[in-house]
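Quick notes on the structure that follows.
Residue numbers (our numbering): 16 to 440.
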């Protein structure tokens with residue numbers, strides 16, 4: 016079983032994670048949210064202990080426990096005082112291998128998740144991000160919410176949890192990550208404690224194919240009445256971890272909207288004061304992810320701000336990046352990279368991301384050298400080949416009655432316009 020170790024004696028803490036190479040894309044249709052619910056059930060009873068006994072033991076050990084899920088991974092981890100690392104590793108190993116999956120506790124969890132999903136409707140940026148992903152990915156598994164939907168979460172049964180647990184939580188599907196106050200020898204011992212009770216099993220096949228680009232410009236307007244501010248995303252498919260031009264595209268995207276001095280922030284905030292923030296970013300996962308631009312203007316400024324975002328995108332695509340701004344961004348990215356590796360835990364997380372996102376070998380270790388080597392020609396070619404301003408999804412959250420027509424007029428060449436209620440499941 017692969018083991019990642021980043022040692023540091025700076026503080027007397029040990030961080031440990033048992034990571035499985037399967038995530039929410041494994042959830043069956045109609046059972047979205049199953050992977051995350053399975054992870055969250057681990058602390059609600061197991062290994063002969065009640066949920067209260069488990070929490071009391073965490074507190075006694077000076078430990079924090081976590082269980083989280085992404086599209087292609089499930090991570091169960093803990094941070095604990097160094098002197099209690101063995102006791103915590105044994106407890107986590109037992110909880111992972113022997114969950115109780117009690118119907119009463121599952122019922123509590125279902126209600127808790129439903130409340131969280133309802134509460135998330137108050138976050139307009141989350142609503143806009145969800146709409147963007149639905150528009151870009153369509154029926155692809157990356158369009159689905161990792162946490163599920165209210166109807167799918169309500170449908171989860173103890174047998175669903177047990178079946179998913181048997182499928183995912185096995186040695187063949189796992190690797191381990193350690194950081195902090197430990198040696199490699201101690202990490203091996205902790206690994207044995209974490210995995211001693213896991214069955215051998217088999218690694219589930221990844222059911223996720225590559226997403227297909229959506230031609231044309233498409234508006235998804237999330238109708239939420241009485242909004243004085245809007246949230247807007249403009250995006251499309253972007254980068255793949257094995258693209259030859261991934262680093263040039265990352266640098267070019269940073270020029271567009273990666274820092275306070277980038278084009279978007281200067282034009283949207285500094286020059287016009289339309290939005291407190293304005294950024295562009297590339298997603299990164301095992302399969303092709305999104306390129307997106309974001310701003311949050313006042314409702315009265317929304318059409319003009321959207322028009323400006325589209326103009327900035329078109330100019331970036333047509334004319335590329337200038338030599339001076341490229342040089343500045345390369346220096347910034349290389350110098351700021353030190354803050355990504357200044358702790359053992361951060362370095363371990365980078366090595367973890369290499370595994371879960373199937374990044375090329377040495378991706379993080381050679382990052383600054385690759386950034387330094389990016390030329391203007393490479394950056395501009397990457398923009399041309401990966402980003403198409405004519406094929407976009409625009410997601411806006413606001414009052415459709417007040418803004419719908421004006422937002423549509425701000426999008427030249429609009430292919431379709433869809434209005435959805437903000438509380439859609």
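Positions of the beta carbon are idealized from the N, C-alpha and C atoms, including for glycine.
Whether residue i touches residue j by CB criterion (8 Å)
i, j, result
"residue 382", "residue 369", "no"
"residue 281", "residue 143", "no"
"residue 210", "residue 64", "no"
"residue 75", "residue 95", "no"
"residue 412", "residue 372", "no"
"residue 33", "residue 191", "yes"
"residue 417", "residue 314", "yes"
"residue 238", "residue 352", "no"
"residue 72", "residue 35", "no"
"residue 213", "residue 31", "no"
"residue 48", "residue 163", "yes"
"residue 222", "residue 110", "no"
"residue 250", "residue 167", "no"
"residue 244", "residue 158", "no"
"residue 395", "residue 335", "yes"
"residue 20", "residue 193", "yes"
"residue 118", "residue 43", "no"
Inter-residue spacing [alpha-carbon to alpha-carbon] between residue i and residue j
i, j, result
"residue 129", "residue 165", "6 Å"
"residue 183", "residue 102", "24 Å"
"residue 290", "residue 300", "29 Å"
"residue 22", "residue 376", "21 Å"
"residue 325", "residue 294", "13 Å"
"residue 133", "residue 145", "14 Å"
"residue 230", "residue 25", "52 Å"
"residue 15", "residue 271", "Absent from the model: residue 15. The displayed extent of the chain is 16 to 440, so no value can be given."
"residue 115", "residue 393", "54 Å"
"residue 84", "residue 185", "16 Å"
"residue 69", "residue 57", "10 Å"
"residue 125", "residue 160", "16 Å"
"residue 279", "residue 307", "12 Å"
Supposed close pair residue i, residue j - CB separation, criterion 8 Å
i, j, result
"residue 208", "residue 108", "5 Å"
"residue 303", "residue 255", "4 Å"
"residue 135", "residue 29", "That belief does not hold up - the Cβ atoms of residue 135 and residue 29 are roughly 33 Å apart, past 8 Å."
"residue 397", "residue 241", "So it is not a contact: roughly 42 Å between Cβ atoms."
Reference residue i; option with closest CA among the options
i, options, result
"residue 169", "46, 69 and 182", "46"
"residue 286", "323, 366 and 205", "323"
"residue 81", "104, 146 and 276", "104"
"residue 433", "235, 260 and 191", "235"
"residue 273", "56, 309, 364 and 156", "309"
"residue 410", "398, 194 and 426", "426"
"residue 263", "389, 403 and 317", "389"
"residue 121", "175, 215, 194 and 202", "175"
"residue 266", "61, 215 and 346", "346"
"residue 331", "435, 380 and 404", "404"
"residue 340", "200, 131 and 276", "276"
"residue 100", "161, 147, 197 and 387", "197"
"residue 219", "361, 119, 39 and 171", "39"
Assigned secondary structure, residue i (DSSP; H/G/I helix, E/B strand, else coil)
i, result
"residue 299", "coil"
"residue 35", "strand"
"residue 238", "strand"
"residue 30", "strand"
"residue 211", "coil"
"residue 173", "helix"
"residue 92", "strand"
"residue 102", "helix"
"residue 81", "strand"
"residue 249", "strand"
"residue 331", "helix"
"residue 368", "helix"
"residue 276", "coil"
Residue i Cβ short of 7 Å to the ligand GDP heavy atom set
i, result
"residue 57", "Questions concerning the ligand GDP fall outside what the structure shown contains, since it holds no ligand whatsoever."
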